[in-house]
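Have a look at the structure below before the remarks.
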Amino acid sequence: MRSQSFAKTAILGLAFAGLAIPAFADAVAVAGTAAVNYEAIAMFGVFVLLTLGITKWAADHTKSASDFYAAGGGITGFQNGLAIAGDYMSAASFLGISGLVFANGYDGLIYSVGWLVGWPIVLFLIAERLRNLGKYTFADVAAFRLDATPIRILSAVGTLVVVLFYLIAQMVGAGKLIQLLFGGFMGAISGGALVGSEYLTAVVLVGILMITYVAFGGMIATTWVQIIKACMLLGGATVMAFLVLAKFGFSPEAMFKKATEVHPKGGAIMAPGALIKDPISTISLGLALMFGTAGLPHILMRFFTVPDAKAARKSVLFATGFIGYFYILTFIIGFGAITLLLQDPGFFKAGAVAAANGSFDPKDMLGTGNMSAIHLSKALGGSLFLGFISAVAFATILAVVSGLTLAGATAVSHDLYASVIAKGRASEKSEVHISKIATVLIGIAAIFLGYLFEKINVAFMVGLAFAIAASCNFPVLLMSMFWKGTTTRGALIGGFAGLISAVVMVVLSPAVWEATLGHPAGSALFPYDNPALFSMTIAFLGIWLGSVTDRSARAARERAAFEAQYVRSETGFGASVAGAH
Amino acid sequence: MSIDNQIMVDRIKNDPQFHDLVRKRTAFAWILSLLMIAIYFGFVLTVAFNKEILGKSLMGGVTTVGIPVGLGVILSALVLTGIYVARANAAFDEITKNIIDKVNK
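And the structure:
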């Protein structure tokens, strides 16, 4: 029963989670605590020292608001491509997808594909216009000709909701992962009684490190932490995939053949299975994956760190390449886990029973299938490599939460404080100061919520975040850039309608209403697991209807101002230049 | 918006080269977007409605048709991205520079 509901939440989590952890909570609760891995702790220690050194360096170079929010616009296209890939290749992509391939084979690839195809759309429709119109946040773009106060409130709400749901999911995942990987070490440094539990120690540690990176080093430190982590993750995964293929003389056919022989599902792992259900859910999920990416505030913010539209384009090209390559690696890693781990009792729970051919059920793996990549590293390279891959997994979480926190803090200081409260009269210095305070507050909130929601269904939080990004942020951004007729009233009606309908439909979906809240099967009012098809439609219709019926003088001014915005968005004429200081 | 800036915007707006650029680039971006959407949803709908096709053996071995198809979708995302960046960073940016240079004279 438990493993069944886990399987369901894990699949849902994967279905939504571009950047977050699927249900590690359940995964690790089953696994218990492993022995202390000192290599992992040592390597993680090196990573922390290195990144703190970078933070110190970044702090010395962070002088203006532009430095703090956008790294002074001094990041190259290649570097930004790595940083974007770092934001996107989370522990969920790494552990979650390889775990899904391990359990189901081909189905894992279907999800990888879904997460990748959003990137070309971001490039073709969003990236360069965003760079040309905005300064630090996507709200700059939406508020370019619309009424700044209400539009920035809408954008900040959209940003903070997405960021907070993601942060909670990441914090819970981080806590659980550390608990598993670093064993009793956390308990030892907490002195047991000090904070009460290993889980809380882990969450507090993540929170403190992320506050340090962001508050002191701003976007410069956050970007470099992201780049280092992306290199570590790509390097580690490359070595793993290479070692796996080497075992089969670099013949994928030989690897697949062995996999079908040892996997309980046999030849079925080479074809699409049962993960994709009815067409409506499938299309809805496809829309959320494709367009959710284009509404994630911490991703959009990255386009302001490069000097111009040309570099913005290049960053997407590099990011797409890195992410696509990474997904192919995770597919090989998943098959490597099938071929190398399934018949080794050392990786399975004590009571697990092997089938006649000596293979175990993937579900009985220690820490569940989500840990298959971690276990595979041990099978391939012993405890030293295990330590490295564990440290990489943790660095991944740390980097992703830092990016999220910076996006949230910027929404508070740049959108809410500087524009709404101070009405543009705030000095740059006070704005950055507020941003640092917001970083600390968001960090504390993340620690507190991560602790409070230790048992929550992570997939639910992530699903909500992706659906809101696709149904609130994305439609408002797209319509304000492309449609002359968009008015403030339309954007507010459509944006909030999209946000609220997405939340309501997720809560009333079978995954949450029945599986999470425990109502009887069949009682969910909304029959599909993903709301994007409906909530996105509501958002776009709301923007259109709210705009065409708007006869106010303000609306007339806003329509008239489209031309200037259009010229700038298409040519970059008058665009915010790098290094405002 | 300052008066000077408004004059500049008016000049760009009345430049036929600007309209030509925007028309070409917008059409190009939407065609590539639709292509990506068609490829992706083609794949997903095949999975939803006709998954047997993807489960067929590719060359008599265990490798199925679905493997190259899935990898192909990943590759197509990269190729489409590359095509756009190549044309935008060369041809489109050249025209954009032209337009802005004319205005700044």
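Each protein sequence line maps, in turn, to chains S and H. Numbering (my numbering) for the first sequence: 484 to 1064. Numbering (my numbering) for the second sequence: 25 to 129. Every residue gets a Cβ at the ideal spot worked out from N, C-alpha and C, and that includes glycine.
Item	Value
Since I124 (chain H) meets chain S, which of its residues come closer than 7 angstroms, beta carbon to beta carbon?	T1054 and F1056
Which parts of the region 767-849 of chain S are runs of the alpha helix (DSSP H), unbroken and 4 residues or longer, counting only runs that do not cross its ends?	780-783 and 792-824
Using DSSP's beta-bridge definition, name the partner residues of T88 (chain H).	H:S81
Comparing the C-beta of T765 (chain S) with each C-beta of chain H, is any distance below 8 angstroms?	yes
Going along chain S in order, which residues have a C-beta closer than 9 angstroms to the C-beta of G79 (chain H)?	Y589, G750, A751, M753, A754 and P755
Return yes when the Cβ of N1013 (chain S) is within less than 8 angstroms of the Cβ of G756 (chain S), no when it is not.	no
Note down the Cα distance separating A110 (chain H) from V624 (chain S), rounded to an integer number of angstroms.	26 angstroms
From the beta carbon of K48 (chain H), is the nearest beta carbon of chain S less than 8 angstroms away?	no
Is there a Cβ of chain H sitting closer than 8 angstroms to that of F607 (chain S), yes or no?	yes
At a cut-off of 7 angstroms, is Y64 (chain H) close to the ligand NAD when judged by its beta-carbon and the heavy atoms of the ligand?	Among the components modelled here there is no ligand, and therefore nothing to report on the ligand NAD.
Below 7 angstroms between beta carbons is the criterion; list the residues of the region 731-743 of chain S that meet it against any residue of chain H, in chain order.	P735, E736, F739, K740 and T743
Apply the 10 Å Cβ neighbour rule to F116 (chain H) and answer buried if 16 or more other Cβ atoms are within range, or exposed otherwise.	buried
Hey, how far is the Cα of K546 (chain S) from the Cα of Y589 (chain S)?	49 angstroms
How is the alpha helix (DSSP H) around G560 (chain S) delimited, first residue to last?	G560 to Y571
Using a Cβ cut-off of 8 angstroms (strictly closer), state whether A1043 (chain S) contacts chain H.	no
Considering only their Cβ atoms, is the gap separating T70 (chain H) from L59 (chain H) smaller than 8 angstroms?	no
Is the region 721-730 of chain S touching the region 551-563 of chain S in the sense that three or more CB pairs, one from each, lie closer than 8 angstroms?	no
For the region 998-1017 of chain S against the region 1031-1047 of chain S, are there 3 or more C-beta pairs whose distance is under 8 angstroms?	no
What is the residue span of the alpha helix (DSSP H) that R612 (chain S) lies within?	E611 to L616
Which residues in chain S have a C-beta closer than 8 angstroms to the C-beta of I98 (chain H)? List them in chain order.	S595, V596, L599, G807, Y810 and I811
Residues of chain S with a CB under 7 angstroms from the CB of I36 (chain H): which are they?	V1050, T1054 and F1056
Quick one: grab the DSSP three-state call for W1027 (chain S).	helix
Interface residues of chain H around V799 (chain S) at Cβ under 8 angstroms?	T105 and V109
For E522 (chain S), would you say it is in contact with chain H, using Cβ-to-Cβ distances shorter than 8 angstroms as the test?	no
Would you mind giving the Cβ-Cβ distance between I1021 (chain S) and T969 (chain S), rounded to the nearest angstrom? I have them listed as a contact below 8 angstroms.	Their Cβ separation, rounded to whole angstroms, is 16 angstroms, which puts I1021 (chain S) and T969 (chain S) out of contact at 8 angstroms.
At least one CB of chain S closer than 8 angstroms to the CB of A84 (chain H): is that the case?	First, the amino acid is wrong: residue 84 (chain H) is Gly here, not Ala. No, G84 (chain H) lies away from the interface with chain S (no Cβ there is under 8 angstroms from its Cβ).
For D44 (chain H), count the other beta carbons within 10 Å of its own beta carbon; 16 or more makes it buried, fewer makes it exposed. Which is it?	exposed
Would you check if there are 3 or more beta carbon pairs closer than 8 angstroms linking the region 566-579 of chain S to the region 707-718 of chain S?	yes
For a contact defined as C-beta to C-beta under 8 angstroms, what are the partners of P762 (chain S) on chain H?	L69, A72 and F73
Below 9 angstroms on C-beta distance, what does G94 (chain H) contact in chain S?	Y589, L592, I593, S595, V596 and F814
Could you check whether the Cβ of I821 (chain S) sits closer than 8 angstroms to any Cβ belonging to chain H?	no
Please list, in chain order, all residues of the same chain as R796 (chain S) whose beta carbon is under 7 angstroms from its beta carbon, the five residues on each side excluded.	L606, A610 and E611
For Q709 (chain S), is the classification buried or exposed, using 16 other Cβ atoms within 10 angstroms of its Cβ as the cut-off for buried?	buried
Which residue wins for smallest C-alpha separation from V23 (chain H), given the options H:L104, H:F67 and H:Y108?	The structure shown does not extend to residue 23 (chain H), since chain H is modelled only from 25 through 129, so no value can be given for it.
Specify, as a first and last residue, the run of the alpha helix (DSSP H) that T879 (chain S) falls within.	S855 to T893
Along the chain, where does the alpha helix (DSSP H) that runs through A929 (chain S) open and close?	E911 to L935
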